[in-house]
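Visitor: Per this note's numbering, the sequence shown starts with residue 1, numbered consecutively.
Before anything else, here's the structure in question.
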Amino acid sequence: MGWRGALRSLESAARRAEREYQRKQKSLAKKRELEDAAFEVEEYEENVNSLISLHNTCLTKCDWEKIRLEKPPSKPEKLQENETKAKAKLNNFKPNFFYKLFNLTESKLEKLRKNVLEAQKKDEDQYRTSMESYKNNYSSWENDQKISEGVLRGNLDSYIEAFKIISPLDELEDFILNSDFRALNSSLAEIVLSTKGEQIIPNEIKSLLRSGRLSTKKMPKGQFYETYQDHICSCALRIAREIFTLLPIETVIVTILDNLLNTQTGHLEKQPILSVAIPKATLSKLNFSQLDPSDAMKNFICNINFKKTKGFESVEKIDAEKVKTV
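Dropping the structure here:
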């Protein structure tokens, strides 16, 4: 083979290698695209599921009787550990030949005496720090005792204080803007809260095509509003569960607000979209992992006005006087 033939052979081999490289790159790109699509759909489904399954979890755990029986923190003793060690070194010091030869005994003794003073200060500082920590811990213990005893007696102020300190709705901060909790009597409470509204619901549906590629399409209005309804009702159930676990009450009225158009003023205003009185006895019988949160509202006294094509409309807040015997 001449040099021209050899050159053509090399060029042909280079082109084959380039085609093979491009083929592998396309294959890798397609694989990454399919993996990204699968991940995006999985993330989307998890997000939607988290919005409508809030009721499946209850994180608050509070045993007020156990808290009431807790012993107070122990008061720290004033120790002289560092001073004792420093004094021992001073008392046990015996100048050797070199100390005497170079006249270093007095300077060494002076240093040891100084060490004793520094050790005393260190002991004082440690004791002061321990006392500050003790005072803080004792104050917390006293406060816990006061609240636990009040809760067990059915004291309403203690109920409210416990709610503020424990903050049982912190885990819902991604869905709730603010809340107002009130204890009406020892067995009845109400909570009014504002949600982040419809914006929390995705307006698109993400799924995988048979090819494995991502499909994104607008969510039908009916499905959008039904998802929002399930989210609101799931939120109400979760809030009731958290409050019942926190406090020894029998019924809680949960009222959820959202921005709705006031047709008289033409402005958006916070208005109730759900008001439900949930008895603990009824709630405890529900199978949370299997129920539909919107359907579950039929178990309770509930004010809700929902239309599949329009969503929520304003409702009256439940009057606590009417549910005191629930």
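We put the CB at the ideal spot given by N, CA and C, even for glycine.
To the nearest whole angstrom, what separates the beta carbons of I52 and H231, a pair I think is in contact under 8 Å?
Guide: Contact flag correct, Cβ pair sits at about 5 Å.
Visitor: Taking the straight line between their C-alpha atoms, what separation do you get for P220 and V323?
Guide: Going by the C-alpha atoms only, they are around 38 Å apart.
Visitor: Since I191 and F175 should fall inside the 8 Å C-beta cutoff, what is the C-beta to C-beta distance between them, to a whole number of angstroms?
Guide: Actually they are not in contact, since the Cβ atoms of I191 and F175 sit about 14 Å apart, beyond 8 Å.
Visitor: Hey, how far is the Cα of N303 from the Cα of Y138?
Guide: Roughly 46 Å between the two C-alpha positions.
Visitor: So who's on the other strand from C302, going by DSSP bridges?
Guide: According to DSSP, which records beta bridges pairwise, C302 is partnered with V276.
Visitor: Pick helix, strand or coil for T325, following the three-state DSSP scheme.
Guide: With a pLDDT of 48 at T325, under the threshold of 50, the predicted position of this residue should be treated as unreliable, and no value is reported.
Visitor: Please list, in chain order, all residues of the same chain as L169 whose beta carbon is under 7 Å from its beta carbon, the five residues on each side excluded.
Guide: Contacts found: I176, S179, I239, E242.
Visitor: Pop quiz: A189 and Y159 are said to be a contact at Cβ under 8 Å. What is the actual Cβ separation, rounded to whole angstroms?
Guide: Contact flag correct, Cβ pair sits at about 7 Å.
Visitor: Which residue spans inside the stretch 173 to 199 form an unbroken beta strand (DSSP E) run of at least 3?
Guide: With a minimum length of 3 residues, the continuous beta strand (DSSP E) runs that stay inside the stretch 173 to 199 are 176 to 185, 188 to 195.
Visitor: Chain C beta carbons: is any one of them nearer than 7 Å to that of Q290?
Guide: Looking at the structure shown, chain C is missing, and only one protein chain is on hand.
Visitor: Give me, in chain order, the residues of the same chain whose beta-carbon lies closer than 7 Å to that of V254; leave out the 5 immediate sequence neighbours on both sides.
Guide: If we look at V254 and ignore the five residues flanking it on each side, its Cβ neighbours are I191, A236, I239, A240, V276, I278.
Visitor: Residues bridged to T251 by DSSP?
Guide: According to DSSP, which records beta bridges pairwise, T251 is partnered with L188, P279.
Visitor: List the residues that DSSP assigns as beta-bridge partners of F312.
Guide: Note: F312 sits in a beta bridge opposite F306.
Visitor: Just tell me which of A119, L117, L90 has its CA closest to the CA of T105.
Guide: Comparing Cα positions, the closest option is L90.
Visitor: Looking only at its own chain, which residues have a Cβ that is under 7 Å from the Cβ of K218, when we skip the five neighbours before and after it?
Guide: Closer than 7 Å at the Cβ level, and outside the excluded window around K218, lie N203, E204.
Visitor: Ignore the nearest five residues each way along the sequence and tell me which others in S215's own chain have a CB closer than 6 Å to its CB.
Guide: So the qualifying residues of the chain are S207, L209.
Visitor: Taking the alpha carbon of P73 as the point to measure from, which residue in N96, C62, N136 has its own alpha carbon closest?
Guide: Looking at the Cα atoms, N136 is the closest of the given residues.
Visitor: Mind checking whether the beta-carbon of L208 lies closer than 6 Å to any heavy atom of the ligand SAH?
Guide: Only the bare structure without any ligand can be found here, which leaves the ligand SAH out of the picture.
Visitor: In the DSSP assignment, find the unbroken alpha helix (DSSP H) run with S107 in it and report its ends.
Guide: From DSSP, the alpha helix (DSSP H) with S107 extends over 105 to 153.
Visitor: What does the alpha-carbon distance come out to for the pair K30 and N47?
Guide: Their Cα atoms are separated by approximately 26 Å.
Visitor: On the criterion of 16 or more Cβ atoms from any shown chain inside 10 Å, does A334 qualify as buried, or is it exposed?
Guide: This structure cannot settle anything about residue 334, because the visible part of the chain is limited to 1 through 326.
Visitor: Terminal residues of the continuous alpha helix (DSSP H) containing K66?
Guide: Segment 64 to 68, the alpha helix (DSSP H) holding K66.
Visitor: For N92, which of helix, strand or coil comes out of DSSP?
Guide: Residue state, collapsed to three classes: coil.
Visitor: When the Cα atoms are used, what is the spatial distance from L101 to E124?
Guide: Using only the alpha carbons, I get a separation of about 38 Å.
Visitor: Quick check on this structure: which residue in L79, L261, E316, L246 has the alpha carbon closest to the alpha carbon of F59?
Guide: Sequence check: residue 59 is Leu here, not Phe. It is L246 whose Cα lies nearest to the Cα of L59.
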